[in-house]
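K.L.:
Protein chains in written order, with this note's numbering: chain R, 112 to 395; chain Y, 2 to 282.
Written out as structure tokens, the structure reads:
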């Protein structure tokens, strides 16, 4: 372990700068955020401990949180299913040596580079144009806004997941596929009996990524629907943001408590997903 | 790979996918087309009409419309913030990852798990307290914000770097050490050249994130130094400036075109980087 000792003397140069920034941007704000969720405050300096009162206000009848939570769960379910289903079919088609495969892959991945705010406004133009003959906009009803967000999320994420599935499919050994074809297995038999079982790691990664991204979605929500009509299309992240910044400083404690609950939800989902991955890896 | 053999299938599938690909480009094409129309012709019911002699505005929206929105300065701030932050992240996180990967102690493994943990935490959990700290430390400017991006980017970046450095044989460092090199020299002369591909991955992932990030700059430097997403939100939601629909379309076009160009040039690196980042994340 001489290398270990050799490097460890250089802590101040190699680790300290990142560690300082990490403390300022993450560790201190995280701990402070936990503490403040039990306080009444308008700035971080005038906090007063009030126990769990903020948390009590989250699930009351006039709170927007339960609705946002329900909508977010529906949004995540619809998004995870549609994104992964479509991405998987595209990946299957784009690994069959068709003409123009590379160009198609390029096009399908492209939207992933456009940021959520810009993406939302681009789609607002398109969707409002499509809805104009019906005298509606994407902000007229919860249904239009909800499905609008699902479509935008699909447009952004399908290419990304497709790329991961393609990488997975290309990793399946050619020998196994050849053996299957010699044994007379048809294409669909090969997909279900050989490809799918071998793609469990890719499926897990894609499910996790789409799940966590849809759960945390903020930018596209703000730009496409801005929560309209009347806050009915607010997902969790936007609901928390509004509680902090658009409902008066007195609500900041409640906003912070909502954020802690949000963190716990996301954390539990991530933990379950990680455990599922681990157990699958042991089997494989 | 399972090559498709039937010719009819190959042709049908290629055609169907090409149609889908064209549909995929419609949203962007629509913005580009509408950015060439006069603002009076930009209502929702005329969104799909091609520009004609009445509605065609040439480049007026770009030359006149955007100037009124202060959008060009946003492009400058976005470039400054992104380049500076990504540079700092690649430099500092690579060094820290080397430290964590090679120094075996309880402290470094605790650090490692804290970085991993930070990736799971949603931004809303820390946004208020983080913005408050940024203001109090006077880091709320296009230079200081790089410190915050380093702190937030460290989770994923250190994680990706550590994953790769652990696969690098330690004998390289031992040999350099025997030759009397300092840790500084070992890192920059021996390790960094080896982990360059990972550095490119980390740079791409962070560029995509920081260039498009809205909430962090909005809460810290927004209002004084608007980056592109912050400016787009301000202009398109109509919170500032008059609602000039022509200018809005041009702003969206200017926000999108450089990203697409960047993507087309660096496509291979970007796609490989995203796969590497995803598989490790």
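Beta carbons: idealized from backbone N, C-alpha and C, even for Gly.
Just verifying my parser: in three-state terms, what is the DSSP assignment at residue 39 of chain Y?
P.N.:
coil
K.L.:
Enumerate in chain order the residues of its own chain whose CB-to-CB distance from residue 203 of chain Y is below 6 Å, with the five nearest sequence positions on each side excluded.
P.N.:
91, 158 and 161
K.L.:
How far does the alpha helix (DSSP H) with residue 109 of chain Y in it extend, from its first residue to its last?
P.N.:
107-121
K.L.:
If you draw a straight line from the alpha carbon of residue 394 of chain R to that of residue 160 of chain R, how long is it in whole angstroms?
P.N.:
The pLDDT assigned to residue 394 of chain R is 45, lower than 50, so where the model puts this residue is not dependable; a value taken from the coordinates is nonetheless given after this. Each residue's alpha carbon lies about 49 Å from the other.
K.L.:
Given this structure, state the Cα-to-Cα distance separating residue 342 of chain R from residue 181 of chain R, to the nearest angstrom.
P.N.:
If I take the Cα positions, the gap works out to 13 Å.
K.L.:
Straight-line CA distance for residue 226 of chain Y to residue 320 of chain R?
P.N.:
Here the alpha carbon of residue 226 of chain Y sits roughly 32 Å from the alpha carbon of residue 320 of chain R.
K.L.:
Using the three-state DSSP reduction, which class does residue 160 of chain R fall into: helix, strand or coil?
P.N.:
strand
K.L.:
Please compile the residues from chain R whose C-beta is within a distance smaller than 7 Å of the C-beta of residue 104 of chain Y.
P.N.:
115, 118 and 119
K.L.:
Pop quiz: residue 79 of chain Y and residue 185 of chain Y are said to be a contact at Cβ under 8 Å. What is the actual Cβ separation, rounded to whole angstroms?
P.N.:
Not confirmed; about 33 Å, so no contact.
K.L.:
Please report the distance separating the alpha-carbon of residue 29 of chain Y from that of residue 233 of chain R.
P.N.:
7 Å
K.L.:
Measure from the C-beta of residue 269 of chain Y to each C-beta in chain R and report whether the shortest distance is under 8 Å.
P.N.:
For residue 269 of chain Y, the nearest beta carbon of chain R is not closer than 8 Å to its own beta carbon.
K.L.:
Please confirm if residue 173 of chain R has its CB atom under 8 Å from at least one CB of chain Y.
P.N.:
no
K.L.:
Is the Cβ of residue 196 of chain R closer than 8 Å to any Cβ of chain Y?
P.N.:
Using beta-carbon distances, residue 196 of chain R does not count as an interface residue toward chain Y, since no partner is under 8 Å.
K.L.:
So, for residue 177 of chain R: in the same chain, excluding its five sequence neighbours on each side, which residues have a beta-carbon less than 7 Å away from its beta-carbon?
P.N.:
170
K.L.:
Between the beta-carbon of residue 155 of chain Y and the beta-carbon of residue 124 of chain Y, is there less than 8 Å?
P.N.:
no
K.L.:
Take residue 189 of chain R and list the residues in its own chain whose beta-carbon comes closer than 6 Å to its own, dropping the five residues that flank it on each side.
P.N.:
The beta carbon of residue 189 of chain R sits closer than 6 Å to those of 261, all from its chain and outside the five residues before and after it, given in chain order.
K.L.:
Can you tell me whether DSSP reads residue 329 of chain R as helix, strand or coil?
P.N.:
coil
K.L.:
Helix, strand or coil: which one does DSSP assign to residue 176 of chain R?
P.N.:
helix
K.L.:
Which whole runs of the beta strand (DSSP E) in the segment 327-378 of chain R are 3 residues long or more, in chain order?
P.N.:
none
K.L.:
May I have the straight-line CA-CA distance separating residue 174 of chain R from residue 377 of chain R, to the nearest angstrom?
P.N.:
20 Å
K.L.:
Leaving out the 5 sequence neighbours to the left and right, which residues in its chain are closer than 8 Å to residue 210 of chain Y when beta-carbon positions are compared?
P.N.:
Close CB contacts of residue 210 of chain Y within its chain, under the 8 Å cut and outside five residues either way in sequence, are with 154 (chain order).
K.L.:
Could you work out which residue in Y:152, Y:32, Y:66 and Y:27 is closest to residue 133 of chain R when comparing CA atoms only?
P.N.:
Y:152
K.L.:
Residue 264 of chain R: buried (16+ other C-beta within 10 angstroms of its C-beta) or exposed?
P.N.:
It counts as buried.
K.L.:
Flag residue 152 of chain Y as yes if its beta-carbon sits less than 8 Å from any beta-carbon of chain R, otherwise no.
P.N.:
yes
K.L.:
Please classify residue 152 of chain R: does DSSP put it in a helix, a strand, or coil?
P.N.:
coil
K.L.:
Would you please verify whether the beta carbon of residue 186 of chain Y is less than 8 Å from any beta carbon of chain R?
P.N.:
no
K.L.:
Going straight from the alpha carbon of residue 115 of chain R to that of residue 193 of chain Y, what length do you get?
P.N.:
17 Å
K.L.:
With DSSP as the reference, label residue 57 of chain Y as helix, strand or coil.
P.N.:
strand
K.L.:
Whole angstroms are fine: how far does the CA of residue 172 of chain Y sit from the CA of residue 402 of chain R?
P.N.:
Residue 402 of chain R falls outside the range modelled here, since chain R spans only 112 to 395, and no answer is possible.
K.L.:
Going by the beta-carbon positions, is the gap between residue 277 of chain R and residue 202 of chain R smaller than 8 Å?
P.N.:
Taking 8 Å as the Cβ cut-off, residue 277 of chain R and residue 202 of chain R qualify as a contacting pair.
K.L.:
Under 8 Å, Cβ to Cβ, is there at least one residue of chain R near residue 212 of chain Y?
P.N.:
yes
K.L.:
For residue 221 of chain R, return the contacting residues in chain Y, with the cut-off set at a CB-CB distance below 7 Å.
P.N.:
261 and 264
K.L.:
Measure the alpha-carbon distance for residue 113 of chain R versus residue 162 of chain R and round it to whole angstroms.
P.N.:
51 Å
K.L.:
Quick one: Cα of residue 187 of chain R to Cα of residue 326 of chain R, how far?
P.N.:
6 Å
K.L.:
Thinking C-alpha only, which one of Y:86, Y:130 and Y:113 is nearest residue 98 of chain Y?
P.N.:
Measuring from the Cα of residue 98 of chain Y, the nearest candidate turns out to be Y:113.
K.L.:
Chain Y beta carbons: is any one of them nearer than 8 Å to that of residue 377 of chain R?
P.N.:
It does; some Cβ of chain Y falls within 8 Å.
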